[in-house]
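Below: one structure, written as structure tokens.
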Amino acid sequence: MMKRPLAITTGIVALSLALLSGCSQPQAGNPAPSPTSSGAASAAPRVSNPLDPSAYVGRPCDLVPPQLVSQLGFSDPTPTDADSPFGPGCGWIDVSGAKPKNLSVGLQILRGERNGGLSAVYRTRDAGGYAYADPTDLSGYPAVFADTQDRRAQGKCSVYVGIADDLTFSAGVDGYSGQQDSCAAAEQVAAAVITTLQGGS
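Those letters in the sequence shown? Residues -28 to -1, 1 to 173, per mature numbering (1 follows the signal peptide of the UniProt record, and there is no 0), in order.
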């Protein structure tokens, strides 16, 4: 498989995680991405069985089982650490085909601050920060398919999953064949992350 220079790989991963982290960065003491006055409209489902991702903050690539990474055609992960402005996350790139494919996961813990959970995602939605925001449920956890641009038809899809009332993780893919293919892959990765956080394999 053709190798990419590390600087290019890291840049692609950072860009992918930036797109997954919402439309604006939180400020100190205000971890929600975008404030809005419509508090009632921003109410998100509560997380009845919170998950603790602290063991993976320093090793975010372990959130996705290697078997699934290989099954999806990826290898050679590139992590971003907890000090990154995008939070701890990991990206994979597959350049073996005619069209490069990307996979990214991230914990929305930005500069040590939790992002505010799905309520923050809903506030960003209400403020017009997302081109689409479709609520769903993944393995019993509330989630939202959302992104700042709607490129699902072009094979790019991302999802935020609430694992605590004040925290989400994101999973996203790019370079797939269309909306169904890309969102199914993002959902599969997100479900695997939930299993990992639950202590499964």
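All residues carry an ideal CB built from backbone N, CA and C; glycine is no exception.
For clarity, every value in this text was computed on a predicted model and none was experimentally measured.
- By DSSP's assignment, residue 74 forms a beta bridge with 65, 146.
- Counting along the chain, no beta strand (DSSP E) covers residue 153; the unbroken alpha helix (DSSP H) around it starts and ends at 151 to 169.
- Residue state for residue 40 is assigned as helix, using DSSP reduced to three classes.
- Between residue 117 and residue 99, the alpha-carbon positions lie close to 16 Å from each other.
- Taking the Cβ atoms as the reference, residue 162 lies roughly 7 Å from residue 115, within the contact range of under 8 Å.
- According to DSSP, residue pairing for residue 118 in a beta bridge involves 105.
- Burial check for residue 124: the Cβ neighbour count within 10 Å reaches 16 or more, so the residue is buried.
- Contact between residue 113 and residue 133 holds: their C-beta atoms lie close to 5 Å from each other, under 8 Å.
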